[in-house]
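Student: Take this structure first; my questions come after.
2 protein chains.
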Amino acid sequence: MVLDETDLQILRLLSKNARLTNKEIGERLNKTATPIFKRIKRLEDHGYIRGYVAVLDYDKLDRGLVAFTHVQIKDHSRVGLQDFLERVIAFDEVLECYQTSGEFDFILRIAARDIKSYQEFMINKLIDLVPLTSVKSTFVMREAKKE
Amino acid sequence: MVLDETDLQILRLLSKNARLTNKEIGERLNKTATPIFKRIKRLEDHGYIRGYVAVLDYDKLDRGLVAFTHVQIKDHSRVGLQDFLERVIAFDEVLECYQTSGEFDFILRIAARDIKSYQEFMINKLIDLVPLTSVKSTFVMREAKKE
DNA sequence: TCTGAAAGAGTCTGACA
DNA sequence: TGTCAGACTCTTTCAGA
Numbered sequence: 001m002v003l004d005e006t007d008l009q010i011l012r013l014l015s016k017n018a019r020l021t022n023k024e025i026g027e028r029l030n031k032t033a034t035p036i037f038k039r040i041k042r043l044e045d046h047g048y049i050r051g052y053v054a055v056l057d058y059d060k061l062d063r064g065l066v067a068f069t070h071v072q073i074k075d076h077s078r079v080g081l082q083d084f085l086e087r088v089i090a091f092d093e094v095l096e097c098y099q100t101s102g103e104f105d106f107i108l109r110i111a112a113r114d115i116k117s118y119q120e121f122m123i124n125k126l127i128d129l130v131p132l133t134s135v136k137s138t139f140v141m142r143e144a145k146k147e
Numbered sequence: 001m002v003l004d005e006t007d008l009q010i011l012r013l014l015s016k017n018a019r020l021t022n023k024e025i026g027e028r029l030n031k032t033a034t035p036i037f038k039r040i041k042r043l044e045d046h047g048y049i050r051g052y053v054a055v056l057d058y059d060k061l062d063r064g065l066v067a068f069t070h071v072q073i074k075d076h077s078r079v080g081l082q083d084f085l086e087r088v089i090a091f092d093e094v095l096e097c098y099q100t101s102g103e104f105d106f107i108l109r110i111a112a113r114d115i116k117s118y119q120e121f122m123i124n125k126l127i128d129l130v131p132l133t134s135v136k137s138t139f140v141m142r143e144a145k146k147e
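Here it is in structure tokens:
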């Protein structure tokens, strides 16, 4: 499937604000709502749009501590990596999980109430999962962009 | 503002799928669409919900190379940090920007077509912004969770 | 805080250029 | 690919419990 400039602009708009109506998008692209609707349907069906999510303010939700946790595990076999992945994404604290190449095997985005909860997550949940080689935490002070 | 269990469940559902209708959410929580509507409005007005975005598949968009770029800058004054932040979020390649504490000053989530485009971004855009102390790139092989 | 009815708005389909 | 009209569905408001 080939995307034209209109498709790309639709994706650009929706990645910033998924609540735009087809009519509003159409007005910006000089079209009516119908072709916008059809194009979005096509983009969804072909997997270009994977879904729509609400962006929450974790500060207000008493989960103001957001961290990136860089994890290196001991067992690098396919089974070992898959095992860690499946078990770690089951935790509510894990907002995102990326398998990576390079120094770390996984980067996790974590939300916890405070530093104490974060440490509890580390000690009682993360560390027990599978044998780890290293864990490095970086705390987020400000989210400046998100799309 | 105090959130009850119903509010939290609404947030949980919408953070995974923002396309659920008020009626569908109501059915899961044993209520009608009206109270769900009112609660969501309240959560939006009070900033618990910051917005709604489409999740795109960057693989398919020929921006399959997603990386976390860890940046340490030379000038740690408030102005220096703010300056870098404002200029870096203007780049299309920058999907997300987090100001962090610890080893790095910023973590960027970057999307590029391939390794060559990524290097071009680094050399022609990122490096020129402000004097940097270190830049470390970690490439994403798989996104296993995102909410 | 909730239900249920009703108006307003958006989505989605189909005929046609 | 696109416009337009109409059916359908969801959102939103309001009266009442």
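Chains as they are written, first to last, in full-length UniProt numbering: chain A, 1 to 147; chain B, 1 to 147. Note that beta-carbon positions come from the ideal geometry of N, C-alpha and C, so glycine has one too.
1) Let me see if you follow: with CB-CB separation under 8 Å, is residue 52 of chain A close to chain B or not?
2) For residue 100 of chain B, name the three-state secondary structure that DSSP assigns.
3) Tell me which residues of the segment 109 to 122 of chain A have at least one Cβ-Cβ distance to chain B shorter than 8 Å, keeping chain order.
4) Please state whether DSSP places residue 49 of chain B in a helix, a strand or coil.
5) Would you check if there are 3 or more beta carbon pairs closer than 8 Å linking the segment 122 to 141 of chain A to the segment 53 to 72 of chain A?
6) Based on the DSSP output, what are the partners of residue 70 of chain A in its beta bridges?
7) So, using beta-carbon positions, are residue 52 of chain B and residue 98 of chain A closer together than 8 Å?
8) Taking all protein chains shown into account, do 16 or more other C-beta atoms lie within 10 angstroms of the C-beta of residue 8 of chain B, making it buried, or fewer, making it exposed?
9) Does the distance from the CB of residue 91 of chain B to the CB of residue 101 of chain A come in under 8 Å?
10) Kindly indicate which three-state DSSP category residue 88 of chain B falls into: helix, strand or coil?
11) Are the beta-carbon atoms belonging to residue 111 of chain B and residue 58 of chain B less than 8 Å from one another?
12) At 9 Å on the CB atoms, spell out the chain A contacts of residue 138 of chain B, in chain order.
13) In chain A, what lies closer than 7 Å to residue 14 of chain B by C-beta?
14) Is it a yes or a no for the segment 35 to 46 of chain B touching the segment 19 to 26 of chain B, going by three-plus beta-carbon pairs under 8 Å?
Tutor: According to the structure data:
1) yes
2) strand
3) none
4) strand
5) yes
6) A/107, A/136
7) no
8) exposed
9) no
10) helix
11) yes
12) 70, 98, 100, 101, 102, 103, 104, 107
13) 54
14) yes
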